[in-house]
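Shown next, in structure tokens, is the structure this report addresses.
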Amino acid sequence: MPVIKYVPTFELVLTRRCAYECGYCNFTNRPSPLPPSRKVVRRLLRLAKHLDVNQVTLAAGEGIADLPEIVRVYRYYGFSSWAEYLADTLRTVMDSDGRPLVPVLDVGAIGFVELQKLRGILPAMRLMLESADDRLLYRAAHRNAPHKSFAARLRAIETAGRLGVPVITGILVGIGEHPSTWMKAAEAVAKMHEKYHNIQEFVLVPFAPSPRTPMELHSPPSRETFVQACMDVRNVLDGKVIVSAEVGGRLDFVAPAVRAGIRDLGEIRFATSERVDTELASALADIGESLREQGFKLASRQTLVNGMRRRGILPTEIVELLRRQREYQHLVRNGGESSATTAS
Ligand code: SF4
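Residue numbers (numbering that gives the first Met the number 0): 0 to 343.
Structure (structure tokens):
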């Protein structure tokens with residue numbers, strides 16, 4: 000039976016502060032927590048483990064390393080830079096007891112020198128292109144987000160590529176971009192992957208208007224538009240990079256996306272450090288059931304697939320983490336969690 004995969008994920012919000020304002024973003028319009036201490040991170044990881052996730056996405060706004068309130072916090076914890084704080088948080092996730100969790104950084108671009116220091120303990124970065132359409136820099140979507148120009152995003156992905164850091168990238172569909180730019184984004188990512196072999200997956204996310212954002216009155220994309228974007232991207236990337244439809248709350252997009260050849264749903268966030276989605280597990284069970292009726296099986300996967308381990312670009316510590324996670328999952332499937340806990 001063909002399998003539709005997803006990565007069960009916990010989002011740990013480090014801070015909602017951001018130096019920019021993307022027109023569709025609701026991340027920044029809720030009160031921002033202070034970046035958590037190591038002790039608080041450990042407490043949140045215990046919650047993540049209860050939810051049986053495989054991945055912890057460490058999320059923050061972009062361009063914040065020098066904001067006075069961020070500087071004050073990381074200095075208070077004894078770090079000399081934001082990157083040093085991130086390194087410590089990555090290490091805390093990787094070294095946590097019991098169920099092994101894979102941390103992914105979703106904090107925007109990181110400079111070459113800092114990324115070089117993080118590389119050994121950074122399994123992957125989530126660095127969305129968002130769009131290959133630079134006309135959006137003059138529209139609501141990216142008017143106040145110059146760092147989202149196509150060239151700037153590609154440069155950030157290339158920096159990760161030069162250092163062999165796996166990248167999860169992709170586009171937002173329906174933020175005012177021209178449809179021809181879906182393929183343009185996919186082609187640029189395909190070239191990057193040919194050169195550096197570090198693209199884990201290309202995700203397509205349907206735009207969903209959020210209250211209190213500059214684009215709250217914009218219409219979301221129709222199912223047909225989203226499916227067309229999936230097909231255009233697949234035409235370029237199939238056989239090279241996993242193409243995922245990360246539909247978020249638009250669960251009605253799953254079946255048409257699967258009919259269009261999508262076999263991966265990317266990250267499914269069961270909870271954030273601020274809120275557990277109590278509805279999601281049952282909604283996911285419903286999707287699993289409806290996919291079964293169509294002849295598919297829904298199953299979770301690890302963060303890094305797409306031949307990343309075989310390519311030999313991963314540092315030893317990350318290969319070891321993935322091995323421990325696979326072994327743990329195998330033990331849980333075959334002998335229950337208690338034996339897995341003992342083994343780890
Ligand atoms: S860069 Fe844009 S999308 Fe990311 S947190 Fe800041 S405003 Fe939101």
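Yeah, the Cβ is synthetic: ideal placement off N, Cα and C, and Gly gets one too. In this text the structure is predicted, and so the values were computed from the model without any measurement.
Starting from R125, follow its DSSP beta bridges and name the residues at the other end. Working through the sequence shown from its first residue, we reach residue 125 at position 126. According to DSSP, which records beta bridges pairwise, R125 is partnered with I167.
Let's see if you can read the secondary structure: which residues bound the alpha helix (DSSP H) around V345? This structure does not reach residue 345, given that the chain is present from 0 up to 343, and the question cannot be answered.
Are there any heavy atoms of the ligand SF4 lying less than 7 Å away from the beta-carbon of G107, as far as the coordinates show? Here residue 107 refers to the residue found at position 108 of the sequence shown. Checking every heavy atom of the ligand SF4 against the Cβ of G107, one is found closer than 7 Å.
Complete runs of the alpha helix (DSSP H) confined to the stretch 79-137 [at least 4 residues]: 81-93 and 111-117
If we ignore side chains and look at the alpha-carbon of each, how far apart do V72 and A82 end up? Residue numbering aside, residue 72 sits at position 73 when the sequence shown is read from its first letter. Residue numbering aside, residue 82 sits at position 83 when the sequence shown is read from its first letter. One C-alpha to the other measures close to 13 Å.
Tell me the rounded alpha-carbon separation between L13 and L85. Translated into positions along the sequence shown, residue 13 becomes position 14. Translated into positions along the sequence shown, residue 85 becomes position 86. The straight-line gap from Cα to Cα measures roughly 9 Å.
If we ignore side chains and look at the alpha-carbon of each, how far apart do E20 and P145 end up? The residue given as residue 20 occupies position 21 in the sequence shown. The residue given as residue 145 occupies position 146 in the sequence shown. The alpha-carbon atoms of E20 and P145 are separated by roughly 10 Å.
I want to check one thing, is the minimum distance from the CB of A151 to the heavy atoms of the ligand SF4 below 7 Å? Position 152 of the sequence shown, counted from the first residue, corresponds to residue 151. It does not: the Cβ of A151 is nowhere closer than 7 Å to a heavy atom of the ligand SF4.
Helix, strand or coil for K239, going by three-state DSSP, please let me know. Sequence index remark: in the sequence shown, residue 239 carries index 240 (1-based). Here K239 sits in coil by DSSP.
Can you give the Cα-Cα distance for S346 and G247, rounded to whole angstroms? As shown, the chain starts at 0 and ends at 343. That puts residue 346 outside it, with no answer to give.
Using DSSP with H/G/I as helix, E/B as strand and the rest coil, what is N234? On the sequence shown, residue 234 is found 235 positions in, with the first residue counted as 1. Of the three classes helix, strand and coil, the one that applies to N234 here is helix, per DSSP.
Is it buried or exposed, V327, if we count other Cβ atoms within 10 angstroms and call 16 or more buried? The residue given as residue 327 occupies position 328 in the sequence shown. Inspection of the sequence shows that residue 327 is occupied by Tyr rather than by Val. Buried is the call here.
Do you know offhand how far R138's Cα is from H217's? To locate residue 138, count along the sequence shown from 1; it is residue 139. To locate residue 217, count along the sequence shown from 1; it is residue 218. Going from the Cα of R138 to the Cα of H217 covers about 12 Å.
Outcome for P178 when other beta-carbon atoms lying within 10 angstroms are tallied against a minimum of 16: As a position in the sequence shown, residue 178 is number 179, starting the count at 1. P178 should be labelled exposed.
Assuming G334 is part of the alpha helix (DSSP H), what are its boundary residues? In the sequence shown, residue 334 corresponds to position 335, counting from 1. Element bounds for G334: T315 to G334.
With the cut-off set at 8 Å, would you say L264 and A228 are in Cβ contact? Within the sequence shown, the letter at position 265 stands for residue 264. Within the sequence shown, the letter at position 229 stands for residue 228. Cβ atoms of L264 and A228: not closer than 8 Å.
Measuring only the C-alpha atoms, how far is A18 from E61? By one-based count along the sequence shown, residue 18 stands at place 19. By one-based count along the sequence shown, residue 61 stands at place 62. The straight-line gap from Cα to Cα measures roughly 6 Å.
Would E302 and V101 be called neighbours here (beta carbons separated by less than 8 Å)? Within the sequence shown, the letter at position 303 stands for residue 302. Within the sequence shown, the letter at position 102 stands for residue 101. A quick correction: the sequence has Thr, not Glu, at residue 302. Yes, Cβ-Cβ distance for T302 and V101 is below 8 Å.
What does N53 pair with, by DSSP beta-bridge criteria? If you number the sequence shown from 1, residue 53 lands on position 54. The partner list for N53 (beta bridge, DSSP) is empty, contrary to what the question assumes.
Can you tell me whether D65 is buried or exposed? The criterion is at least 16 other CB atoms within 10 Å of its CB, across all chains shown. Numbered from its first residue, the sequence shown carries residue 65 at position 66. It is exposed - the Cβ of D65 has fewer than 16 other Cβ atoms within 10 Å.
With L57 and V103 assumed to form a contact (beta carbons below 8 Å), what rounded beta-carbon distance in angstroms separates them? Locating residue 57 in the sequence shown gives position 58, where the first residue counts as 1. Locating residue 103 in the sequence shown gives position 104, where the first residue counts as 1. Yes, they are in contact, since the Cβ atoms of L57 and V103 sit about 7 Å apart, within 8 Å.
Specify the secondary structure class of A150 as computed by DSSP and reduced to three states. Locating residue 150 in the sequence shown gives position 151, where the first residue counts as 1. Three-state DSSP puts A150 in a helix.
Closer than 7 Å: T27 CB and nearest the ligand SF4 heavy atom: The residue labelled residue 27 in the question sits at position 28 within the sequence shown. Result yes, Cβ under 7 Å from the ligand SF4.
Cβ of M93 within 8 Å of Cβ of L320? Start at 1 with the first residue of the sequence shown, and residue 93 comes out as number 94. Start at 1 with the first residue of the sequence shown, and residue 320 comes out as number 321. Against a cut-off of 8 Å, the Cβ pair of L320 and M93 comes out as a contact.
What number of angstroms, rounded off, separates the C-alpha of R332 from the C-alpha of F225? Your numbering for residue 332 matches position 333 in the sequence shown. Your numbering for residue 225 matches position 226 in the sequence shown. Their backbone Cα atoms lie some 35 Å apart in a straight line.
When you compare each of D51, P99, A284 and E200 to L126 by their alpha carbons, which one comes out closest? Against the sequence shown, residue 126 aligns to sequence position 127. When only C-alpha atoms are compared, the closest one is E200.
Collapsed DSSP secondary structure at F26 in the structure displayed: Position 27 of the sequence shown, counted from the first residue, corresponds to residue 26. In the structure shown, F26 sits in a helix (DSSP, three-state: H, G or I).
What are the boundary residues of the beta strand (DSSP E) that includes L66? Within the sequence shown, residue 66 is the residue found at index 67, counting from 1. Per DSSP, L66 belongs to no beta strand (DSSP E) and is neither H nor E.
I'd like to know whether the C-beta atoms of T8 and I198 end up nearer to each other than 8 Å. Residue 8 sits at position 9 when you count from the first residue of the sequence shown. Residue 198 sits at position 199 when you count from the first residue of the sequence shown. Cβ atoms of T8 and I198: not closer than 8 Å.
Rounded separation between T341 and S299 - CA only: Locating residue 341 in the sequence shown gives position 342, where the first residue counts as 1. Locating residue 299 in the sequence shown gives position 300, where the first residue counts as 1. With a pLDDT of 40 at T341, under the threshold of 50, the predicted position of this residue should be treated as unreliable, though the coordinate-derived value follows. If you take the alpha carbons of T341 and S299, they lie about 23 Å apart.
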